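Peer 1: Each residue of the sequence shown is one higher than the last, beginning at 2 in this note's numbering.
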Amino acid sequence: MIGVGGYIAPRHLKAIQDTGNTLLAAYDKFDSVGIMDRYFPQCSFFTELELFDRHLGKLNRQDTGLDFMSVCTPNYLHDSHVRFGLRQGADVICEKPIVLNPWNIDALEVEEKNSGHHIYTILQLRLHPSIVALKKRIEEGPKDKVYDIDLTYITSRGHWYYTSWKGDERKSGGVATNIGVHFYDMLCWVFGEVEENTVHISRHDRVAGFLRLKQARVRYFLSINADTLPAEAVAAGKKTFRSLRMEGEEIEFSDGFTELHTQSYQEILSGGGFRISVAKPCIQVVHDIRHANPIGLKGDYHPLAKLPLSEHPFGW
Numbered sequence: 002m003i004g005v006g007g008y009i010a011p012r013h014l015k016a017i018q019d020t021g022n023t024l025l026a027a028y029d030k031f032d033s034v035g036i037m038d039r040y041f042p043q044c045s046f047f048t049e050l051e052l053f054d055r056h057l058g059k060l061n062r063q064d065t066g067l068d069f070m071s072v073c074t075p076n077y078l079h080d081s082h083v084r085f086g087l088r089q090g091a092d093v094i095c096e097k098p099i100v101l102n103p104w105n106i107d108a109l110e111v112e113e114k115n116s117g118h119h120i121y122t123i124l125q126l127r128l129h130p131s132i133v134a135l136k137k138r139i140e141e142g143p144k145d146k147v148y149d150i151d152l153t154y155i156t157s158r159g160h161w162y163y164t165s166w167k168g169d170e171r172k173s174g175g176v177a178t179n180i181g182v183h184f185y186d187m188l189c190w191v192f193g194e195v196e197e198n199t200v201h202i203s204r205h206d207r208v209a210g211f212l213r214l215k216q217a218r219v220r221y222f223l224s225i226n227a228d229t230l231p232a233e234a235v236a237a238g239k240k241t242f243r244s245l246r247m248e249g250e251e252i253e254f255s256d257g258f259t260e261l262h263t264q265s266y267q268e269i270l271s272g273g274g275f276r277i278s279v280a281k282p283c284i285q286v287v288h289d290i291r292h293a294n295p296i297g298l299k300g301d302y303h304p305l306a307k308l309p310l311s312e313h314p315f316g317w
């Protein structure tokens, strides 16, 4: 595993353990990785990529090499670390977003073909029972119906966020990419390809816009600012709020997230899983959002887009 000290790594560690597999070696620049004691205390750990690379070479020479490399590093490093995994003779499981730009997927597919190995990405919402049921419902419904959708996702982050790589759009891709890419994938998977992509508000702490899909008109609002939480979430002491409303009906999918990485690994190990070409539409969506010129509060925008804007906490 590369990036074992990261936020998402524990879900991958649990998935590896739950599927009856062993983590042989792990790398991270940072050494705050005590979480490994819970899962794989015998795993070899490195803080220098060169030493990690040498160790993997030794394992390969001993015929105890890797079957899979899991990539849990910052978004902008995924491309490089996926390539590293392929060079080790392993299939690669990469956390979302697989890359930041759609053309990076094209290049990785060439590397994948040349290596003879596979690259998989985590698109866990495609496995969520509520979303699977929703897709079935749409498929069995009128083929010409276009649904009205409101997507709201608010996950509170402190000022640390802006000092970390996540606050640097060049490294994370911004709010839409960092916290929203799997939601856009889910919407495209359920309702079809994108026909229009309009951004109303794009700031350091939020993004709001409108997507016209083949079978949906989607107003979305994504935020990392706790001040944008609805009153009912604040009253309940919640720091995160997820809502997907279709034609005024709430599609409940807030629960069941914690096991979806394990299910993702199970799918991959059984010969399924999501290959990188599958992720290209959602990578295109977030790329286009990142490079769009926001039009402000015009047209059909999400109600929360009207909330007062906040200054960057560091004045940037």
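Note that the Cβ used here is the ideal one computed from N, Cα and C, for glycine as well. Predicted model, so just to flag it, every value in this text is computed and none were measured.
When you compare only the Cα positions, how much space is there between Tyr162 and Ile290?
Peer 2: Here residue 162 refers to the residue found at position 161 when the sequence shown is read from its first residue. Here residue 290 refers to the residue found at position 289 when the sequence shown is read from its first residue. Distance between the alpha carbons of Tyr162 and Ile290: 20 Å.
Peer 1: Can you give the beta carbon distance from Phe192 to Ala217, rounded, assuming they're within the 8 Å contact cut?
Peer 2: By 1-based counting over the sequence shown, the position of residue 192 is 191. By 1-based counting over the sequence shown, the position of residue 217 is 216. Indeed they touch by this definition, with Cβ atoms about 4 Å apart.
Peer 1: Whole-angstrom Cβ separation of Ile120 and Ile277, contact assumed at under 8 Å?
Peer 2: Stepping through the sequence shown from its first residue, residue 120 is reached at position 119. Stepping through the sequence shown from its first residue, residue 277 is reached at position 276. About 5 Å separates the two Cβ atoms, so the contact holds.
Peer 1: Going by the DSSP bridge assignment, what does Asp149 pair with across the sheet?
Peer 2: Your numbering for residue 149 matches position 148 in the sequence shown. Arg218, per the DSSP bridge assignment.
Peer 1: With a cut-off of 8 Å on the beta carbons, I'd call Leu261 and Leu52 a contact; round off their distance for me.
Peer 2: The residue you call residue 261 lines up with position 260 of the sequence shown. The residue you call residue 52 lines up with position 51 of the sequence shown. That pair is no contact at about 33 Å.
Peer 1: Which two residues bound the contiguous beta strand (DSSP E) that contains Met247?
Peer 2: In the sequence shown, counting from the first residue as 1, residue 247 sits at position 246. Met247 -> beta strand (DSSP E) spans 241-247.
Peer 1: Please classify His313: is it buried, with 16 or more other beta-carbons within 10 angstroms of its beta-carbon, or exposed?
Peer 2: As a working note, residue 313 is residue 312 in the sequence shown. Burial call: exposed.
Peer 1: According to DSSP, what are the bridge partners of Asn1?
Peer 2: With the chain covering only 2 through 317, there is no way to say anything about residue 1.
Peer 1: If we count the other Cβ atoms within 10 Å of its Cβ and call it buried at 16 or more, is His303 buried or exposed?
Peer 2: Mapped onto the sequence shown, residue 303 falls at position 302. His303 comes out buried.
Peer 1: Have a look at Gln18 and Tyr40 and give me their C-alpha separation to the nearest angstrom.
Peer 2: Here residue 18 is taken as the residue at index 17 of the sequence shown, counted from 1. Here residue 40 is taken as the residue at index 39 of the sequence shown, counted from 1. Approximately 7 Å between the Cα atoms of the pair.
Peer 1: Is any beta-carbon of chain D found at less than 8 Å from that of Arg291?
Peer 2: In the displayed structure, chain D is absent; only one protein chain is listed.
Peer 1: Excluding the 5 residues flanking Thr153 on each side, which residues of the same chain have their C-beta closer than 6 Å to its C-beta?
Peer 2: Position 152 of the sequence shown, counted from the start, is the residue given in the question as residue 153. Cβ neighbours of Thr153 beyond the five flanking positions: Phe222, Ser244.
Peer 1: For the region 52-120, list the beta strand (DSSP E) runs that are entirely contained and at least 3 residues long, ordered along the chain.
Peer 2: 69-72, 92-95, all fully within the region 52-120.
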